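Following: one structure in structure tokens, then a few remarks.
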Amino acid sequence: MDSSTIMWIVVAVVAVILLALLVWFLVRRSRTAAAERHEAERAEAAELRRGAERERIDVQEREASAQKLDAEARLQQAEADRKAAEAARLQQEAQDRNAKVGESRADVEERLRRADELDPEHRATTGTVYVHDTDEGHRPEHRPEHRADAPPDTRTDRAEGEGRHHT
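Every letter in the sequence shown is one number past the one before it in full-length UniProt numbering, and letter 77, counting from 1, is 77.
As structure tokens, then:
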């Protein structure tokens with residue numbers, strides 16, 4: 001073997017070693033970059049999880065607040081419904097009472113009319129006016145001279161003043 005062959009063998013061995021070192025270096029660098037990328041992705045995933053957890057807690061708080069507000073609204077609606085039912089009941093009771101009062105009033109007026117039919121002079125002296133006479137209301141009204149706030153009557157030609165003369 002001659003020296004040039006040996007030299008070519010040494011160059012080839014050195015080239016193979018250099019090539020192996022280069023491949024090893026590139027593989028190592030690739031693995032390191034992959035590990036760094038993997039670690040960065042892990043860190044990003046951890047940050048996303050922390051952010052999602054904070055958001056989940058915030059969503060739960062907003063959901064609880066919305067449920068509380070909904071419960072309050074339902075409570076207020078129930079109270080409003082209860083009050084509406086009570087108002088309707090009271091209105092019905094008032095209508096029933098008004099109907100009874102109307103019946104009683106009609107009964108009283110009918111009895112007074114009957115009394116006036118039996119004693120027409122009494123009506124003439126009291127001045128009582130009934131609904132059927134005026135259609136102005138639901139109860140008897142008295143002329144001003146028969147009200148409590150009217151000035152006293154000084155006439156002498158009334159039934160109790162018969163036999164007296166004007167002076």
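Every residue gets a Cβ at the ideal spot worked out from N, C-alpha and C, and that includes glycine. Please read these numbers as outputs of a predicted model, since none were measured by experiment.
Cα-Cα separation, residue i to residue j
| i | j | result |
| --- | --- | --- |
| Ala46 | Ala80 | 50 Å |
| Arg155 | Gln91 | Residue placement at Arg155 cannot be trusted, given a pLDDT of 49 that sits under 50; what the coordinates show is reported in the next sentence. Distance between the alpha carbons of Arg155 and Gln91 is about 49 Å. |
| Arg49 | Lys68 | 28 Å |
| Arg111 | Gln95 | 24 Å |
| Glu63 | Glu53 | 15 Å |
| Val10 | Ala20 | 15 Å |
| Ala71 | Lys83 | 18 Å |
| Gly102 | Arg114 | 18 Å |
| Ala40 | Leu22 | 26 Å |
| Asp119 | Ala99 | 30 Å |
| Arg42 | Val27 | 22 Å |
| Ala88 | Arg74 | 20 Å |
| Ala12 | Glu44 | 47 Å |
| Ala85 | Ala78 | 10 Å |
Sequence-distant residues of the same chain with beta carbon closer than 8 Å to residue i, five excluded per side
| i | result |
| --- | --- |
| Val18 | Here residue 18 turns out to be Leu, not Val, going by the sequence shown. Taken in chain order, the list of residues that qualify is empty. |
Chain-order list of residues whose beta-carbon lies under 6 Å from that of residue i (same chain, five-residue window excluded)
| i | result |
| --- | --- |
| Ser30 | none |
| Ala106 | none |
Fill in: Minimum length 3: unbroken beta strand (DSSP E) runs contained in the region 98-125
Within the region 98-125, there are no complete beta strand (DSSP E) runs of at least 3 residues.
Practice prompt. Only counting runs of 4 or more residues, tell me where the alpha helix (DSSP H) segments fall wholly within the region 30-104, in order along the chain.
Written response: none
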